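J.:
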Amino acid sequence: MEIKKVKRSEDYSAWYNNLVKQADLAEHSAVKGCMVIKPYGYAIWEKMQAELDKRFKDTGHQNAYFPLFIPKSFFSKEASHVDGFAKECAVVTHYRLKNGDDGQIVVDEDAKLEEELIVRPTSETIIWNTYRDWIKSHRDLPILVNQWANVVRWEMRTRLFLRTTEFLWQEGHTAHATAEEAIAETKQMLEVYADFAENILAVPVVKGVKTANERFAGALETYCIEGLMQDGKALQMGTSHFLGQNFAKAFDVKYATKENTQEYVWATSWGVSTRLMGALIMSHSDDEGLVLPPNLAPIQVVVVPILGKKEEEKQLVLDKARAITSTLKAKGIAVKLDDRDHVSPGFKFADYELKGVPVRIAIGMRDVQNETVEVARRDTKEKQVMSVVDIDTKIEHLLAAIQVNLFQKALDFRDDHIHVVNNWDEFNHALETKTGFVSAHWDGTTETELKIKELTKATIRCVPLNATAENGVCVLTGNPSTQRVLFAKAY
RNA sequence: CGGGGUGUAGCGUAGCCUGGUAUCGCGCCACAUUUGGGAUGUGGAGGUCGUAGGUUCGAAUCCUGCCACCCCGACCA
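Shown next as structure tokens:
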């Protein structure tokens, strides 16, 4: 395969698209807006799933599965929800095809559904319709359920992983007796997402709440984690919603309290999607290709034997390479020995760099004689010759160091790209001349937020949770404000 | 969905303006020599030129519709 080089600094979009294809993560399918996730890309998604799923289970959740289809009438039950999703729903209207007059397969008009089915864009409605039957008493609460699923949102414009018509995600849907408990759940899951993003993806995130304008359709409060990509655009990486009693009321889900009164149930929902693949790619990768954090790499270490021409030397090198491979495997490291003899070492080096493998070990005759290996790390491109003594421990430490370094690098980049401004001129100047987040005072009204969006294309990514109270004036209106919010151009 | 652009072998491309059945590189197959940063030579296979029509003796090339992708908007995880 000829490698098409696209520089990140020259055309970020082209670089991203090219990287997704070259690194064998995904490709466009025959279906508009839908992608094929290839085995290597899916392996990374599976690692994400495993890490998230463990955290969900650790916080008491169970997995379940609800239907792909939702009766249309369910959507009309929660008014703001239908407003939010109606414009992007795929609808099933018929259940049969037949042979048409001209030999073409056509939809059988006689097989029209009584009630159309919506392909889920999210599952609150079907799930809350189900919860009505599950919840009768305070003893049935809480319900802590997650589902791994595909959903469909008919977006105007799609991009590999970042926004596809069909995407994979998980959606947690919990039911609680009290508002306090539901809010605690919402916040807990936000922490789970932030922990996952920072410690597994090595992507620093800002935890915050969305403004009323950016809130999930049907939520009282939307918490989010926001990341900053290498091109300086923000990416919403996960959301956790406090839904109040909106869905309980819409679907009439009540429970009997200890005092035998009937109360509506309190709800949360939370989700992250294959968009995280996009976040991962855009946070760390470079002109040589993908850069994967060790905690997520399907292959953490690749061993490349440098095979000489003499048959006996070949065997010596291979034996040594195999020995090191099993030593690392025994330590629980995901290691691959690439002993193919028909591609050159140089080709393999470049190929595994493209695939983002964190550590490469090369072993040749020199190393066999000296009891050494050459170790190269993907993140810094540094190479060093190491003694094979305790190689497993050394590699284990190196992987941990790479994980930390990637996070630190991304964190430094993010912090360098938060621009604090205090008036409208500074605000505009920052948006025009710099990329990243702009930290500014805002008067708290949707009107101002929309006006700023119209004037600058920047949106309020979130009201950060850890911000300190600080009196100031809104950059646009001059009205009083008590806290800074983060603006940015976003994906 | 609006504006702009692109579509030729698995990948990247030339040819299109000025119509005559397609160029080059990588990859692939065979053999040999190679192997510490994308090896070299020799021989070979692979294309209904995105798709459906139209014009023409003849269409990759001209015209029309459609599809897909990219960029910029609007919408959004």
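For what it's worth, our numbering labels the leading residue of the first sequence as 18, then goes sequentially.
Don't be surprised by glycine CBs; every beta carbon is placed ideally from N, CA and C.
Note that the structure is a prediction, hence the values are computed from the model and not measured.
#1: Could you tell me which uninterrupted beta strand (DSSP E) segments, each at least 3 residues in length, are contained entirely in the region 176–206, listed from first to last along the chain?
#2: Among the candidates F233, L207, T182 and I341, whose CA atom is the shortest distance from the CA of R292?
#3: Give the range of the alpha helix (DSSP H) segment to which G101 is assigned.
#4: Would you give the residue range spanned by the alpha helix (DSSP H) that K64 belongs to?
#5: Count the other CB atoms within 10 Å of the CB of N146; is the residue buried (16 or more) or exposed (fewer)?
#6: How close, in whole Å, do the beta carbons of Y281 and D157 come, if the pair is a contact with beta carbons under 8 Å?
#7: Cutting at 7 Å between CB atoms, please list the residues of its own chain near A43, excluding the five before and the five after it.
#8: Is it buried or exposed, S257, if we count other Cβ atoms within 10 angstroms and call 16 or more buried?
#9: Between D304, L309 and S286, which has its C-alpha nearest A296's C-alpha?
#10: For G461, which beta-bridge partners are listed by DSSP?
#11: Can you tell me whether W151 is buried or exposed, with buried defined as 16 or more other CB within 10 angstroms of its CB?
#12: Leaving out five residues on either side along the sequence, give the residues of the same chain with a beta carbon under 7 Å from the beta carbon of M18.
#13: Please work out which residues of its chain come closer than 8 Å, Cβ to Cβ, to G325, disregarding the five sequence neighbours upstream and downstream, and give them in chain order.
#14: Under DSSP, the alpha helix (DSSP H) around Y148 begins and ends at which residues?
#15: Where does R357 sit, in a helix, a strand or coil, going by DSSP?
#16: According to DSSP, simplified to helix, strand and coil, what is R174?
#17: Could you check what DSSP says for E388 in three-state terms: helix, strand or coil?
#18: Beta strand (DSSP E) containing P322: first to last residue?
#19: Please return the same chain residues whose Cβ sits closer than 8 Å to the Cβ of G306, not counting the five positions on each side in sequence.
#20: With a 10 Å radius around its C-beta and 16 neighbouring C-beta atoms as the bar for buried, classify I122 as buried or exposed.
#21: Work out the CA separation of E413 and V352 for me, nearest whole Å.
#22: Note the first and the last residue of the continuous beta strand (DSSP E) segment covering M4.
#23: Opposite Y240 in the DSSP bridges: which residues?
#24: Can you list, in chain order, the residues of its chain with a C-beta nearer than 7 Å to that of A229? Leave out the 5 residues immediately preceding and following it.
#25: By Cβ distance, which residues of its chain are closer than 8 Å to K451, with the 5 residues on each side in sequence left out?
#26: Would you report the Cα separation of T397 and G235, rounded to the nearest angstrom?
#27: So who's on the other strand from C106, going by DSSP bridges?
#28: Check the C-beta distance from A475 over to A219 and give it rounded, since I have them as a contact under 8 Å.
#29: A128 to K115, Cα distance in whole Å?
#30: Can you have a look at Y112 and say buried or exposed, based on whether 16 or more other CB atoms are within 10 angstroms of its CB?
#31: DSSP on I378, reduced to helix/strand/coil?
#32: Buried or exposed: which applies to T285, given that a residue is buried once 16 or more other Cβ atoms fall within 10 Å of its Cβ?
#33: Given this structure, state the Cα-to-Cα distance separating G461 from N440, to the nearest angstrom.
#34: Closer than 8 Å: is that where the CB of N216 sits relative to any heavy atom of the ligand FMN?
#35: Would DSSP call A507 helix, strand or coil?
#36: List the DSSP bridge partners of F454.
T.: Inspection of the coordinates gives the following:
#1: Entirely contained in the region 176–206, the beta strand (DSSP E) runs reaching 3 residues are, in chain order, 183–193.
#2: Out of F233, L207, T182 and I341, T182 has the C-alpha closest to the C-alpha of R292.
#3: Where G101 is concerned, the enclosing alpha helix (DSSP H) stretches over A96 to F102.
#4: Note, K64: alpha helix (DSSP H), P56 to D75.
#5: Buried, because 16 or more other Cβ atoms sit within 10 Å of the Cβ of N146.
#6: With a beta-carbon spacing of about 14 Å, Y281 and D157 fall beyond the 8 Å limit used to define contacts.
#7: Same-chain partners within the cutoff: V37, M52, V53, I54, K55, G58, L177 and F178.
#8: So S257 counts as buried.
#9: Looking only at D304, L309 and S286, the smallest Cα-Cα distance to A296 is reached by L309.
#10: The partner list for G461 (beta bridge, DSSP) is empty, contrary to what the question assumes.
#11: With fewer than 16 neighbouring CB atoms inside 10 Å of its own CB, W151 falls in the exposed class.
#12: Any reading at M18 must be qualified, since the residue scores a pLDDT of 47, below 50, and its modelled position is unreliable; the value itself is stated next. Closer than 7 Å at the Cβ level, and outside the excluded window around M18, lies no residue.
#13: If the five residues before and after G325 are omitted, its C-beta is found closer than 8 Å to the C-beta atoms of K331, V334, G381 and M382, all from its own chain and listed in chain order.
#14: For Y148, the enclosing alpha helix (DSSP H) begins and ends at E141 to W151.
#15: DSSP places R357 in coil when its eight states are reduced to three.
#16: It is coil, neither helix nor strand.
#17: Annotated three-state conformation of E388 is coil, per DSSP.
#18: For P322, the uninterrupted beta strand (DSSP E) run begins and ends at V318 to P322, by DSSP.
#19: Excluding residues within five positions, the ones whose Cβ falls inside 8 Å are L36, Q39, A40, E370, L371, K372 and G373.
#20: Classification for I122: exposed.
#21: Each residue's Cα considered, the two are about 11 Å apart.
#22: Residue numbering for the chain in the displayed model covers 18 to 508; residue 4 lies beyond these limits and cannot be assessed.
#23: Its beta-bridge partners are V226 and S257.
#24: If we look at A229 and ignore the five residues flanking it on each side, its Cβ neighbours are T463.
#25: Hits under 8 Å: G249, H434 and H436.
#26: Across the structure, T397 and G235 are spaced so that their CA atoms are roughly 45 Å apart.
#27: Answer is none; C106 lacks a bridge partner.
#28: A Cβ-Cβ distance of about 26 Å is found for the pair A475 and A219, leaving them out of contact under the 8 Å criterion.
#29: Cα to Cα, the separation comes out at about 10 Å.
#30: Exposed, by the Cβ-count rule.
#31: Of the three classes helix, strand and coil, the one that applies to I378 here is strand, per DSSP.
#32: Looking at its Cβ environment, which holds 16 or more other Cβ atoms inside 10 Å, T285 is buried.
#33: One Cα belongs to G461, the other to N440, and the distance between them is close to 16 Å.
#34: For the ligand FMN, the structure offers nothing, since it holds no ligand at all.
#35: A507 sits in a strand when the DSSP states are folded into three classes.
#36: DSSP output for F454 lists I435 as bridge partner(s).
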